[in-house]
Structure formats: structure tokens, C-alpha cells
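Novice: For the protein sequence lines, the chains are U and R, in the order given.
Residues in the first sequence are numbered consecutively from 9, following the working numbering.
Residues in the second sequence are numbered consecutively from -4, following the working numbering.
Don't be surprised by glycine CBs; every beta carbon is placed ideally from N, CA and C.
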Amino acid sequence: MHIPDGYLSPQTYIPLFGLFVAATAIGVKKVKTDISARNIPYLGMAAAFSFLIMMFNLPIPGGTTGHAVGSAVIAILFGPWAAMIAVSVALIIQAFIFGDGGITAIGANCFNMAVFMPFVSYYVFKIFNNNSSEKRRVTFSAFIAGYFSLVLTSILTAVEFGIQPLIASTADGKALYCPYDLSVAIPAMAIEHLLFFGIIEGIITAFIVGYFLRNDPGMIYAFRKGGKDANR
Amino acid sequence: MLSEKEVKMRIDKQQKKILVTLLLLCLITPVGILLPMFFNAGNAWGEWSAQTLKDIIGYVPQGLAKYSDVWKAPIADYSINSGDRSVIHQSGFYLVSGIVGATITYVVMLFISRLITKKDE
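1) I think F106 of chain U touches A54 of chain U, with their Cβ atoms under 8 angstroms apart; what is that distance to the nearest whole Å?
2) What are the residues in the stretch 0 to 18 of chain R lying within 7 angstroms of chain U by C-beta distance?
3) At what residue ranges does the stretch 89 to 126 of chain U contain a whole run of the beta strand (DSSP E), taking only runs of 3 or more?
4) Going along chain R in order, which residues have a C-beta closer than 9 angstroms to the C-beta of C186 of chain U?
5) Report the residue from U:V29, U:A33 and U:G154 whose alpha carbon sits nearest the alpha carbon of F136 of chain U.
6) In the structure shown, what three-state DSSP assignment does A68 of chain R receive?
7) State the start and end residues of the unbroken alpha helix (DSSP H) segment that holds A33 of chain U.
8) Would you mind giving the Cβ-Cβ distance between Y15 of chain U and A113 of chain U, rounded to the nearest angstrom? I have them listed as a contact below 8 angstroms.
9) Looking only at its chain, what residues have a beta carbon closer than 7 angstroms to the beta carbon of F220 of chain U, apart from the 5 residues adjacent to it on each side?
10) Do E200 of chain U and S162 of chain U have their C-beta atoms within less than 9 angstroms of each other?
11) For a contact defined as C-beta to C-beta under 9 angstroms, what are the partners of N38 of chain R on chain U?
12) I'd like the ranges of any alpha helix (DSSP H) spanning at least 4 consecutive residues and lying wholly in the stretch 36 to 85 of chain R.
13) Indicate the three-state DSSP secondary structure (helix, strand or coil) for S177 of chain U in the structure shown.
14) Answer yes or no: does any C-beta atom of chain R fall closer than 9 angstroms to that of E200 of chain U?
15) Are the beta-carbon atoms belonging to A122 of chain U and V217 of chain U less than 9 angstroms from one another?
16) Please report how far the alpha carbon of T16 of chain R lies from the alpha carbon of F57 of chain U, in whole angstroms.
17) Run the CB neighbour count on Q19 of chain U, radius 10 Å, all protein chains shown included, and call it buried at 16 or more, exposed below.
18) Closer than 8 angstroms to a non-hydrogen atom of the ligand HEM - does that hold for the CB of H75 of chain U?
19) Of the choices U:I100, U:V146, U:V167 and U:R145, whose alpha-carbon is the least far from that of F28 of chain U?
20) With 16 other CB atoms within 10 Å as the buried threshold, where does Q46 of chain R fall?
21) Would you mind telling me which residues of chain R sit closer than 7 angstroms to L60 of chain U, beta carbon to beta carbon, in chain order?
22) Does DSSP put G226 of chain U in a helix, in a strand, or in coil?
23) Could you please give the first and the last residue of the uninterrupted alpha helix (DSSP H) stretch that includes P15 of chain U?
24) Can you pull the chain R residues whose beta carbon is under 8 angstroms from the beta carbon of M92 of chain U, in chain order?
25) Going along chain A, which residues have a C-beta under 8 angstroms from V103 of chain R?
26) What separation, rounded to the nearest whole angstrom, lies between the Cα atoms of G37 of chain R and I82 of chain U?
27) Please check the pair E42 of chain R and H75 of chain U, which I expect to be a contact at CB under 8 angstroms, by giving their CB distance rounded to whole angstroms.
28) What does a CB cutoff of less than 7 angstroms around N47 of chain U pick up in its chain, not counting 5 residues either side in sequence?
29) So, T213 of chain U versus A80 of chain U, is the Cβ gap smaller than 9 angstroms?
30) Which residues mark the beginning and the end of the alpha helix (DSSP H) in which E(-1) of chain R is found?
31) When the Cα of K8 of chain R is compared with those of U:G109, U:V146, U:P49 and U:S44, which residue comes out closest?
32) With A196 of chain U and W40 of chain R assumed to form a contact (beta carbons below 8 angstroms), what rounded beta-carbon distance in angstroms separates them?
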């Protein structure tokens, strides 16, 4: 899911970088009004968690690998805007220091995994949980949020890969950037995430949200913000 | 009701517990390269190097060739020596990368959070 340098054309990575910067600007403002300083240690740990969980490459035997991202659980615990910033920090450090994800693709990778994914997770959780604090309901909703957010993010990433042959190719029909079109990229990325990696993200999300529900439910952002939205 | 002091102690304990869990995660990061090795799984989809891509489709796309080396990461692929064939060495590099990366991420995020969170009254 970490797009390397060279797979995206400038026509793709520049707009995505712009979207990411705009989202960050809004995110900083939102965190300033929404997230209290008590959360500082947790936000550091959340970013480190995201960094680490992405290092656990899981194999599809004889095939490719993939991993969870952690954005889903961070979004439920600290809200999508704080999750955006925490996961971006992890992704930017992965790109610059470890070459995991391209430098030109930083905007794209952050947009996919740090902007799009936490928002999908957060709202899927809100819709399924419908403000319940019943343990089974919350855990189930967290699983669904983790599952769908990762699956949809993988499809978004596949679209970015898959539109490259449409955007740019040489006169003799060879690709300039990612050589695979939508008909290849989408099934390849969607199926592995639908059948495997999405389930892992779901389990991690459910497990950690379940832990905080038992130990410190007051900390869960999606609950604190719950009443207001639910009354609409 | 818990007193303020008791609440603070509980929070400290919880944070310590999470930090220990993160440290344990650091220590088992090598699983992230050993499992794919064991099950003979390669790169993530779309994350092939220019050379690997050439082996798959027969050529390196021009634009990809131009951009793929735009940045030389100091600890590329979470390894200080990717030529080293020793599984034990690679596991060690991966583990150290995990500790270094998670620590930097933690510190940077603490710093940013300090700047952007709401001051408590």
C-alpha cells in the first residue's frame, strides 16, 4: 500500500499532495479545538503503533505481502483528524528514513492511509455502532470499521495505480509509470485486502477498541463526540 | 469517586502498559520479514523495484526509471545491508529499524502534539 517513487505520474502525485496539505491544515485547526493536552502521550504512542504495525508484513503464501495500518483504531480512539496527523508522521518517517513509500508519493500515501482511511473508519464505526456502549456491538462495529476502511483504501490506491496507463504512455504504447491498468490493479489489491489484510485490520481495531471500552471508555473520541451527532 | 491522585496513577499505569506493549511489538518485528520468507511471498503489490518490474514485464517504464531513484533512504528497506544473505542479520537489522523508527515517530508526534493540542484550563 506504500506507493514507491516512479509509479505515479506528476499529474497524480501533485494533486494528491495538495489534497493532503489542505487536509493537514484543517486537521491542525480541528485538533487545536478538539483534542486536549492530556492526550499528548497517547498520540505519540498511537503514531509509534501505526509505524510498528505496518512493519508486520503478512504473506499470502507464494504471492504478495500486505499489512495492517492502524489508522482505523486511531481514528475511533482519537478522532479522524488526530489520526490523520499521527499516521502521517509514521508514513513520512517511513518514506524518508526507510525508503518505504516514495518521496514523490508522500502526498498520495498520506492521503490514502492517513486521510481517507481514518475518515472511512470513523464514520463506518459511528454508523454501525449507532452510539451503543454495549460491548458486542462496539467490538463488532470496530471490526467492520477496520475491515472496510482498509479494503476501501486498498481500492483507492489501486485506482491511483490503475489510471497511470491512461494518463501517460509512450508513442509505442509502453507505460511511463505504473504499467498495470484498472482491470489488473483493482482486483489484485481488492481481493487480497477483502480476504485477508482487511480482516487483520478489523481484528486489531476490535481488540484495541474493546480494551479501551473496558478500561477507559471516557477516552474514546467516537463516544465523546457521540451524543451530538446521534441527536441529529 | 476516585481522587485526582488515584486517577492520575491509573492513567500513568495505563500509559506504562501501552508503552510496554509497544516495546514488545518492537521486539517481535522480525516476524514481519520471517513470515513472508517462510511462505515464499514477495513484495507487496505495486511495490516492486525497477529491476523486479523489469523481470516481470520485460522493461522499465521510462518515467518510473527517472523517479525511482530520486531519494536514497539512509536505512532503505529497514536494513543497513540488504546484500547480507544471513536471515539472522536481516532479522537484527529489522528489529533495530523497528526500535529506531518507532522511537523517532513517537518523539516527533509528541513534539507535534504539544504544539497543536488544546491547552488544558
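Specialist: Taking the geometry as given:
1) The residue given as residue 106 of chain U occupies position 98 in the first sequence. The residue given as residue 54 of chain U occupies position 46 in the first sequence. With 8 angstroms as the limit, F106 of chain U and A54 of chain U do not qualify as a contact, their Cβ atoms being about 19 angstroms apart.
2) If you check each beta-carbon in the stretch 0 to 18 of chain R against every beta-carbon of chain U, the ones closer than 7 angstroms belong to Q9, Q10, I13, L14 and L17.
3) none
4) As a first step, residue 186 of chain U must be located in the first sequence, where it is residue number 178. Correct list: G41, P56 and L59.
5) Position 128 of the first sequence, counted from the start, is the residue given in the question as residue 136 of chain U. Looking at the Cα atoms, U:G154 is the closest of the given residues.
6) Counted from its first residue, the second sequence places residue 68 of chain R at position 73. In the structure shown, A68 of chain R adopts coil according to DSSP, grouped into three states.
7) The count along the first sequence starts at 1 and reaches residue 33 of chain U at position 25. A33 of chain U -> alpha helix (DSSP H) spans P18 to D42.
8) The residue labelled residue 15 of chain U in the question sits at position 7 within the first sequence. The residue labelled residue 113 of chain U in the question sits at position 105 within the first sequence. By a beta-carbon distance limit of 8 angstroms, Y15 of chain U contacts A113 of chain U. Their separation comes to about 7 angstroms.
9) Position 212 of the first sequence holds residue 220 of chain U. Around F220 of chain U: L85, M227 and I228.
10) As a first step, residue 200 of chain U must be located in the first sequence, where it is residue number 192. As a first step, residue 162 of chain U must be located in the first sequence, where it is residue number 154. Result yes, Cβ atoms of E200 of chain U and S162 of chain U sit closer than 9 angstroms.
11) Looking up residue 38 of chain R in the second sequence gives position 43. By Cβ distance, chain U contributes T72 and T73.
12) If we require 4 residues or more, the alpha helix (DSSP H) runs fully inside the stretch 36 to 85 of chain R come out as 45 to 52 and 57 to 63.
13) Working through the first sequence from its first residue, we reach residue 177 of chain U at position 169. The answer is strand: DSSP assigns S177 of chain U an E or B state.
14) Locating residue 200 of chain U in the first sequence gives position 192, counting from the first residue. Answer yes: the Cβ-Cβ gap between E200 of chain U and chain R drops below 9 angstroms somewhere.
15) By one-based count along the first sequence, residue 122 of chain U stands at place 114. By one-based count along the first sequence, residue 217 of chain U stands at place 209. Not closer than 9 angstroms, so no.
16) Translated into positions along the second sequence, residue 16 of chain R becomes position 21. Translated into positions along the first sequence, residue 57 of chain U becomes position 49. Cα-Cα distance, rounded: 9 angstroms.
17) If you number the first sequence from 1, residue 19 of chain U lands on position 11. That one is exposed.
18) This structure lacks the ligand HEM; in fact it carries no ligand of any kind.
19) Taking the first sequence and counting its residues from 1, the one referred to as residue 28 of chain U is at position 20. Of the candidates U:I100, U:V146, U:V167 and U:R145, the one whose C-alpha sits nearest the C-alpha of F28 of chain U is U:I100.
20) As a working mapping, residue 46 of chain R is identified with position 51 in the second sequence. Sixteen is the threshold: since fewer than 16 other Cβ atoms of the shown chains lie within 10 Å of the Cβ of Q46 of chain R, the residue is exposed.
21) By one-based count along the first sequence, residue 60 of chain U stands at place 52. Per Cβ cutoff of 7 angstroms: L17, L20, C21, T24, G93 and A97.
22) As a first step, residue 226 of chain U must be located in the first sequence, where it is residue number 218. Note: G226 of chain U maps to helix in three-state DSSP.
23) If you number the first sequence from 1, residue 15 of chain U lands on position 7. Note on identity: in this sequence residue 15 of chain U is Tyr, with Pro being the wrong assignment. Careful: Y15 of chain U lies outside any alpha helix (DSSP H) and carries neither H nor E.
24) On the first sequence, residue 92 of chain U is found 84 positions in, with the first residue counted as 1. Correct list: empty, because the minimum Cβ distance to chain R is about 12 angstroms.
25) Checking the listed chains, one finds no chain A in this structure; the protein chains it contains are U and R.
26) The sequence position of residue 37 of chain R within the second sequence is 42, counting from 1. The sequence position of residue 82 of chain U within the first sequence is 74, counting from 1. Taking the straight line from one Cα to the other gives about 29 angstroms.
27) Locating residue 42 of chain R in the second sequence gives position 47, where the first residue counts as 1. Locating residue 75 of chain U in the first sequence gives position 67, where the first residue counts as 1. About 11 angstroms separates the two Cβ atoms, so there is no contact after all.
28) Looking up residue 47 of chain U in the first sequence gives position 39. Excluding sequence neighbours, N47 of chain U sits near F86.
29) Reading the first sequence from its first residue, position 205 is the one you call residue 213 of chain U. Reading the first sequence from its first residue, position 72 is the one you call residue 80 of chain U. For T213 of chain U and A80 of chain U, yes; Cβs fall inside 9 angstroms.
30) Along the second sequence, one-based indexing puts residue -1 of chain R at 4. In the DSSP assignment, E(-1) of chain R falls within the unbroken alpha helix (DSSP H) covering E(-1) to L22.
31) Here residue 8 of chain R refers to the residue found at position 13 when the second sequence is read from its first residue. Comparing Cα-Cα distances from K8 of chain R to each of U:G109, U:V146, U:P49 and U:S44, the minimum goes to U:P49.
32) The residue given as residue 196 of chain U occupies position 188 in the first sequence. The residue given as residue 40 of chain R occupies position 45 in the second sequence. The pair is a contact, with the Cβ atoms about 5 angstroms apart (cut-off 8 angstroms).
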